[in-house]
Amino acid sequence: MVQDTEAPNLQLQGPDTVRLCLGNSYSEQGANANDCVEGNVSNQVNIDNSSVNGNSRGIYTVDYSVSDSSGNQAVGKRTVVVNTEPEAGFRINNKNQLTVVFEDTSLYNPSSWTWTFGDNTSKQDQNVVKTFNSNGTYKVCLEVTNEFNNVCGTQPDSTCMMVTVQGVGVSETSLDKNIRLYPNPSSGQVNIKFGEVAGQEATIRVHDVIGKTHRVMEDVRIARNDEKSLSLNDLDTGLYFITIKTDEGTVTKKATLTSDN
Numbered sequence: 003m004v005q006d007t008e009a010p011n012l013q014l015q016g017p018d019t020v021r022l023c024l025g026n027s028y029s030e031q032g033a034n035a036n037d038c039v040e041g042n043v044s045n046q047v048n049i050d051n052s053s054v055n056g057n058s059r060g061i062y063t064v065d066y067s068v069s070d071s072s073g074n075q076a077v078g079k080r081t082v083v084v085n086t087e088p089e090a091g092f093r094i095n096n097k098n099q100l101t102v103v104f105e106d107t108s109l110y111n112p113s114s115w116t117w118t119f120g121d122n123t124s125k126q127d128q129n130v131v132k133t134f135n136s137n138g139t140y141k142v143c144l145e146v147t148n149e150f151n152n153v154c155g156t157q158p159d160s161t162c163m164m165v166t167v168q169g170v171g172v173s174e175t176s177l178d179k180n181i182r183l184y185p186n187p188s189s190g191q192v193n194i195k196f197g198e199v200a201g202q203e204a205t206i207r208v209h210d211v212i213g214k215t216h217r218v219m220e221d222v223r224i225a226r227n228d229e230k231s232l233s234l235n236d237l238d239t240g241l242y243f244i245t246i247k248t249d250e251g252t253v254t255k256k257a258t259l260t261s262d263n
């Protein structure tokens, strides 16, 4: 009698990598298995997809295994990526007269970038160096997308900033210079001071270094010299980002939480 030493042939149904829109449930597509001696053993495939959490961004693994009656085992894996379309954001990283360096600060892994500069020019790099031809105030916009725009059925996100360039320098006529956080570092309570910003509604989002969102405040009405408080006492110590998005643009500030001991 010839001993069976060959493992079953295990094949995943569907793609090896599944992209899942945040907030959706994972639907298992299963696997087929055939053994050279026992034939179709698909009903014996063990599937462990318990780690997949459609409500939390991340990369998850689904494990598959099947054994025949001789103990020969085959295994397989499927990757599940949970994410959303990116949220646009950028800042000025360097200023030198009419030349400006714009740095992408968008969230959630954009894969394409379209910059427009208010002078009928555009660029498609992630971070760009732009030299303006003359002094003036320009509306600089960034539009970002990734594959999750198709997965989630959403439109590209964009944000704009009014930038004034001069032969002797460049200034941001945006939220950035009018917003500050204090205390920073903080043991849990963070205040947002808005300065000369008025008559706008904002969305305030708190997220960590891996992009997980911990707080969202929507339709926040801002008055001149207004101040909003955020209680972050339940969060672990470490670095967080506070993103404020209004019609005028998007600003991201770093906040460090420390122990009060």
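Heads up, the sequence shown is in the numbering used here, so the first residue is 3 and it goes up one at a time.
All C-beta atoms in this analysis are idealised placements derived from N, C-alpha and C, irrespective of residue type, glycine included.
Residue i versus residue j: straight-line alpha-carbon distance, rounded
{"i": "Gln157", "j": "Ser114", "result": "13 Å"}
{"i": "Val142", "j": "Gln202", "result": "19 Å"}
{"i": "Val192", "j": "Pro185", "result": "6 Å"}
{"i": "Arg80", "j": "Thr19", "result": "6 Å"}
{"i": "Val253", "j": "Phe92", "result": "8 Å"}
{"i": "Gly155", "j": "Glu149", "result": "10 Å"}
{"i": "Gly120", "j": "Asn26", "result": "38 Å"}
{"i": "Asp6", "j": "Ala33", "result": "22 Å"}
{"i": "Asn74", "j": "Ile212", "result": "40 Å"}
{"i": "Gly52", "j": "Pro17", "result": "In the sequence under discussion, the amino acid at residue 52 is Ser, which differs from the Gly named in the question. Whole-angstrom Cα-Cα distance: 19 Å."}
{"i": "Ser72", "j": "Pro10", "result": "10 Å"}
{"i": "Val222", "j": "Gly197", "result": "15 Å"}
Proximal residues to residue i (C-beta, below 8 Å), its chain only, five neighbours per side dropped
{"i": "Val199", "result": "Leu177, Asn180, Ile181, Ile224, Arg226, Asp228, Thr248, Glu250"}
{"i": "Gln126", "result": "Ser114, Trp115, Thr116, Trp117"}
{"i": "Lys214", "result": "Ser58, Arg59"}
{"i": "Asn151", "result": "Glu87, Gln157, Pro158"}
Beta-carbon contacts of residue i that lie in its chain and below 6 Å, excluding the five residues immediately before and after
{"i": "Gln168", "result": "Asn137"}
{"i": "Val131", "result": "Val103"}
{"i": "Thr258", "result": "Pro187, Leu241"}
{"i": "Val77", "result": "Ser67"}
{"i": "Asp50", "result": "Asp65"}
Short Cβ contact (7 Å threshold) for residue i with residue j
{"i": "Ser124", "j": "Glu145", "result": "no"}
{"i": "Cys38", "j": "Val153", "result": "no"}
{"i": "Thr239", "j": "Pro187", "result": "no"}
{"i": "Gln15", "j": "Gln31", "result": "yes"}
{"i": "Glu105", "j": "Asn95", "result": "yes"}
{"i": "Leu183", "j": "Lys230", "result": "no"}
Supposed close pair residue i, residue j - CB separation, criterion 8 Å
{"i": "Val54", "j": "Val64", "result": "7 Å"}
{"i": "Thr139", "j": "Val165", "result": "7 Å"}
{"i": "Arg217", "j": "Leu241", "result": "About 15 Å; that fails the 8 Å criterion."}
Cut-off 7 Å between Cβ atoms - residues of its own chain near residue i, not counting five sequence neighbours on either side
{"i": "Glu8", "result": "Cys38, Asn74"}
Any non-hydrogen atom of the ligand PLP within 6 Å of residue i CB
{"i": "Thr239", "result": "The model on display carries no ligand, and the ligand PLP is accordingly not part of it."}
Checklist line | the stretch 191-211 / the stretch 231-247 touching (three or more Cβ pairs under 8 Å) | finding: yes
Check: Do three or more CB pairs link the stretch 38-45 to the stretch 55-73 at distances below 8 Å?
Finding: Result yes; three or more Cβ-Cβ pairs closer than 8 Å.
Check: Touching or not, the stretch 56-63 and the stretch 74-94, by the rule of three or more beta carbon pairs under 8 Å?
Finding: Segments in contact, yes.
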